[in-house]
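Novice:
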Amino acid sequence: MGMELQGLGKAFDGAAAVDGIDLRLEPGEMFAIVGPSGCGKSTLLRLIAGLERPDRGTIRLGGRLVAGPGVFVPPEDRGTGFVFQSYALWPHMSVLENVAFPLEAAGLSRARAAEAARPHLDTVALAPFAARRPAALSGGQRQRVALARCLAAGAETILMDEPLANLDPHLRDVMERELMRLHRSSGAVTVYITHDQREAMALADRMAVMQAGRFLQVGPPEEIHDRPVSAEVARFIGAGAVLAAEWRGGAAMLGGRPVPAAAVPGQAEGPVQLLLRPGAVVPAADGFSGVVRDPAYRGA
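Just so we're aligned, residue 1 is where the sequence shown starts under the UniProt record's numbering, counting upward by one.
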């Protein structure tokens with residue numbers, strides 16, 4: 001077992017930040033959590049890392065209980081690696097020294113730690129920059145140093161807190177592919193939080209949509225995009241619109257016209273919410289007439 005959360009809860013000043021989270025992840029799984037700011041994503045990550053104590057529930061990493069009634073294993077003994085949005089690199093150290101630092105902290109000599117760190121610089125294609133300081137690197141290179149440091153520590157659980165948020169769009173696309181490659185090579189459980197649903201769908205084996213401290217839906221990205229369980233999930237994941245319609249005679253009625261739509265088994269007649277994705281729109285000979293009021297060019 002890679003990770004298991006049961007009934008996990010945390011409140012601040014009486015307000016629930018994480019409210020009854022249950023989750024089980026297999027070794028090697030990439031799991032993304034998406035949700036608006038303030039939904040509890042970062043608090044959940046801090047609970048897993050041991051940077052916060054849960055008020056209730058349990059956390060198991062690799063089958064070992066690390067948080068629960070009467071149990072709290074400190075962060076340094078959990079076997080987790082944390083990759084922050086801000087990179088959290090030591091500016092006075094070289095790239096190699098940054099990557100080697102967790103190994104020195106674990107008891108290796110400086111020389112042995114540096115030797116063990118070099119293969120991880122090769123993994124992230126930064127070996128030629130080993131002697132540079134972080135200030136001399138680009139944003140993408142700094143993020144790769146942070147990833148190499150995490151891999152060097154031998155973490156079985158990797159936690160990523162919006163690691164691509166500070167990168168420009170092109171570099172973010174490049175780093176998405178890099179993250180996927182590094183995740184697969186590590187074999188670790190990875191929990192990745194972001195507010196960018198596109199990023200989450202590109203990276204994750206499974207994902208969760210989080211709101212007000214709870215998971216609204218958990219599943220593969222395709223399932224959540226194509227079969228959202230609620231209007232809240234539908235609005236947050238993917239482009240499209242949620243429209244008020246009527247279900248009558250086995251069809252969705254919109255503006256008095258039938259619209260081809262799938263329904264849940266046993267759908268009762270009456271008001272429904274209709275999810276319309278851009279890919280579902282096709283020209284129709286007897287379609288609606290309308291006027292485009294505010295066009296905005298955004299490229300292809």
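In this text, a Cβ means the ideal position worked out from N, Cα and C, and glycines have one as well. Note that the structure is predicted; figures quoted are calculated from it, not measured.
Whose C-beta lies closer than 8 Å to the C-beta of L96 among residues of the same chain, with five residues either side of it excluded?
Specialist: A114, A117, R118, L121, A130, A131
Novice: What would DSSP say about D19, mapped onto helix, strand or coil?
Specialist: strand
Novice: Could you check how far apart the C-beta atoms of M210 and I48 are, in whole angstroms? I think they sit under 8 Å.
Specialist: M210 to I48, Cβ: 14 Å. No contact.
Novice: Mind the definition here: the stretch 56–76 touches the stretch 242–253 only if three or more C-beta pairs lie below 8 Å; say whether that holds.
Specialist: Because the criterion of three Cβ pairs below 8 Å is not met, the stretch 56–76 and the stretch 242–253 do not touch.
Novice: Using C-beta distances below 8 Å, list every residue in its chain close to A127, excluding the 5 sequence neighbours before and after it, in chain order.
Specialist: R118, L121
Novice: Starting from the N-terminal side, write out each stretch of the alpha helix (DSSP H) that is 4 residues or longer and does not extend beyond the stretch 95–154.
Specialist: 95–105, 110–123, 139–152
Novice: At the level of alpha carbons, what is the spacing between L159 and L276?
Specialist: The straight-line gap from Cα to Cα measures roughly 34 Å.
Novice: Since Q85 is in the alpha helix (DSSP H), which residue starts that stretch and which ends it?
Specialist: Element bounds for Q85: n/a, residue is neither H nor E.
Novice: For E156, I'd like the list of residues in its chain whose CB is within less than 6 Å of its CB, leaving aside the five on either flank, ordered along the chain.
Specialist: G62, G79, A188
Novice: By the three-class DSSP mapping on this structure, what secondary structure does F236 have?
Specialist: Three-state DSSP puts F236 in a helix.
Novice: Unbroken beta strand (DSSP E) runs of length 3 or more, entirely within the stretch 199–229: which are they?
Specialist: 206–211, 214–219
Novice: Work out the CA separation of A296 and V71 for me, nearest whole Å.
Specialist: Distance between V71 and A296, taken at the CA atoms: about 55 Å.
Novice: Assign H183 to buried or exposed, taking buried as 16 or more other Cβ atoms, counted over all protein chains shown, within 10 Å of its Cβ.
Specialist: buried
Novice: Is the stretch 8–18 close to the stretch 35–52, with three or more CB pairs under 8 Å?
Specialist: yes
Novice: Evaluate contact between the stretch 157–177 and the stretch 81–88, counting only Cβ atoms and requiring at least three cross-stretch pairs below 8 Å.
Specialist: yes
Novice: Candidates L216, P69, D168: which alpha carbon is nearest V18's?
Specialist: L216
Novice: By DSSP, does A268 sit in helix, in strand, or in coil?
Specialist: If DSSP states are grouped into helix, strand and coil, A268 belongs with coil.
Novice: Kindly indicate which residue of A88, N98, Q273 has the alpha-carbon position closest to the one of A262.
Specialist: Q273
Novice: Comparing C-alpha positions only, which one of R60, G290, E104 sits nearest to E4?
Specialist: The option with the nearest alpha carbon to E4 is R60.
Novice: So, under 8 Å CB-CB, residue 337 and G20 are touching, yes? Tell me the CB distance rounded to an integer number of Å.
Specialist: Residue 337 is absent from the structure shown; the chain starts at 1 and stops at 300.
Novice: Quick check on this structure: which residue in V145, P134, R133, A106 has the alpha carbon closest to the alpha carbon of T123?
Specialist: V145
Novice: Measuring straight from C-alpha to C-alpha, what distance separates V242 and A234?
Specialist: Straight-line Cα distance between these residues: approximately 7 Å.
Novice: Between A111 and G38, what straight-line distance do the alpha-carbon atoms span, to the nearest angstrom?
Specialist: 43 Å
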